[in-house]
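Written out below as structure tokens is the structure these notes cover.
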Amino acid sequence: MPGPITHIYIDGYNFYHGLLKIRRNEKSKQKKPKHKWLNYRALFKRMYPSHDIKIIHYFTSKVGGESGKRQRIFIRACETLPDFEIKYGNYARRGSYCRIDTTQCKGSITLFKFQEKGTDVNIAVQMIADAHDTQVEKLVLATADSDLVTPVEYIVRRFTGKHVEVAIPAIPEDKNRYRAYNLRNAATSHRDIKIKHIKKSLFPNELYDAAGKKITIPPEWNTL
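Taking this note's numbering, the leading residue of the sequence shown gets 2, the next gets one more, and so forth.
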């Protein structure tokens with residue numbers, strides 16, 4: 002008998018930064034970048050083996066430079082997965098003025114930083130739309146971003162037959178692993194995404210897309 006019909010929602014930017022905190026071991030300061038080469042469908046099938054996962058929604062924003070090249074390779078790998086949809090937000094440049102007053106320099110400068118925009122809204126809209134689907138029984142949100150408390154609370158309150166679970170990218174070395182306290186409390190249930198699940202859910206170093214073109218893990222990530 003098939004398990005509950007489940008939709009998955011991945012906050013790509015938040016999840017990626019959780020992966021950045023994975024180390025070779027708990028005492029090491031060296032990062033383990035190969036975990037970025039993550040097969041999300043394999044991960045969630047491992048975490049929810051009895052569930053009928055109909056679709057995985059992956060929310061991210063395109064970046065530039067060398068990071069953007071690696072991201073595009075990873076997206077190509079993700080596009081080989083069945084029932085895997087990618088939705089893009091964007092980055093907005095924000096400037097702030099700072100006064101400088103030292104013996105060497107006086108005046109003001111503008112500092113710019115880029116902030117991801119649109120992802121939270123896209124996730125909320127998709128989850129609420131799916132909650133109206135009578136066939137969907139469980140919604141799993143993979144993030145530690147407490148900005149999503151409101152849509153989670155709304156779905157739990159408005160759609161009493163739906164089970165909303167928050168899957169937190171919780172890394173043991175992260176002292177703030179329970180920073181998503183409000184998000185956990187808002188959901189029907191919550192669980193941590195553990196390193197042991199991630200280790201067993203990586204793409205092979207080489208795979209092929211639908212056109213037969215080879216996709217190779219970025220060399221910067223191919224480090225054990």
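All C-beta atoms, glycine included, are put in the ideal place defined by N, C-alpha and C. On a predicted model such as this, the values are computed, not experimentally measured, just so you know.
Would you list the one or two residues that DSSP bridges to H133?
Bridge partners of H133: none, in fact.
Expressed to the nearest angstrom, what Euclidean distance is found between the alpha-carbon atoms of K200 and H36?
Rounded to the nearest angstrom, the gap between the Cα atoms of K200 and H36 is 7 angstroms.
Give the straight-line distance between the Cα atoms of Y14 and L39, rounded to the nearest whole angstrom.
Taking the straight line joining both Cα atoms gives about 13 angstroms.
Simplified DSSP assignment, three categories, for F115:
With a pLDDT of only 47 at F115, under the threshold of 50, the placement of this residue in the model should not be trusted; the figure read from the coordinates follows. Under the three-state reduction of DSSP output, F115 falls in the strand class.
Helix, strand or coil for E86, going by three-state DSSP, please let me know.
In this structure, DSSP gives E86 an extended state, which the three-state scheme calls strand.
Check whether the Cβ atoms of Y17 and Q127 lie closer than 9 angstroms to each other.
Inclusion of Y17 and Q127 in the CB contact set at 9 angstroms is not warranted, their separation being larger than that value.
What is the rounded straight-line gap between the Cα of L208 and the Cα of E86?
The alpha-carbon atoms of L208 and E86 are separated by roughly 19 angstroms.
Just tell me which of K63, E80 and I156 has its CA closest to the CA of T120.
If we check each option's Cα against that of T120, K63 comes out closest.
Residue span of the alpha helix (DSSP H) that contains S68, given as start and end:
Per DSSP, S68 belongs to the alpha helix (DSSP H) from G66 to C79.
So does R42 have its beta carbon nearer than 8 angstroms to some heavy atom of the ligand GDP?
Looking at this structure, you won't find the ligand GDP or any other ligand, since it has none at all.
Indicate the three-state DSSP secondary structure (helix, strand or coil) for K201 in the structure shown.
K201 falls in the coil class under three-state DSSP.
Could you pull the DSSP bridge partners for A143 from this structure?
According to DSSP, which records beta bridges pairwise, A143 is partnered with I11 and A168.
Straight-line Cα distance separating R71 from A212
Using only the alpha carbons, I get a separation of about 20 angstroms.
Same chain, Cβ closer than 7 angstroms to P34, five either side skipped, listed in chain order
Closer than 7 angstroms at Cβ, skipping near neighbours: E221, W222 and T224.
Short of 7 angstroms in beta carbon distance, which residues of its chain neighbour R47, apart from the five on each side in sequence? Order them along the chain.
Excluding sequence neighbours, R47 sits near H198, K201 and S202.
Span separating the alpha-carbon of A130 from that of V153:
Linking A130 to V153 through their CA atoms gives a straight-line distance of about 12 angstroms.
Contacting residues, own chain, Cβ-Cβ under 7 angstroms from Y89 (five flanking each side not counted):
T61, S62 and K63.
Got a sec, what are the start and stop residues for the beta strand (DSSP E) E207 sits in?
Segment E207 to Y209, the beta strand (DSSP E) holding E207.
CA-CA distance, R158 and A43?
Distance between the alpha carbons of R158 and A43 is about 31 angstroms.
Contact set for I56: own chain, Cβ-Cβ below 6 angstroms, skip 5 residues either direction:
The residues are H8 and D84.
Evaluate L21 with the Cβ neighbour count: other Cβ atoms within 10 Å of its Cβ, from every protein chain shown; 16 or more gives buried, anything less gives exposed.
With fewer than 16 other Cβ atoms within 10 Å, it is exposed.
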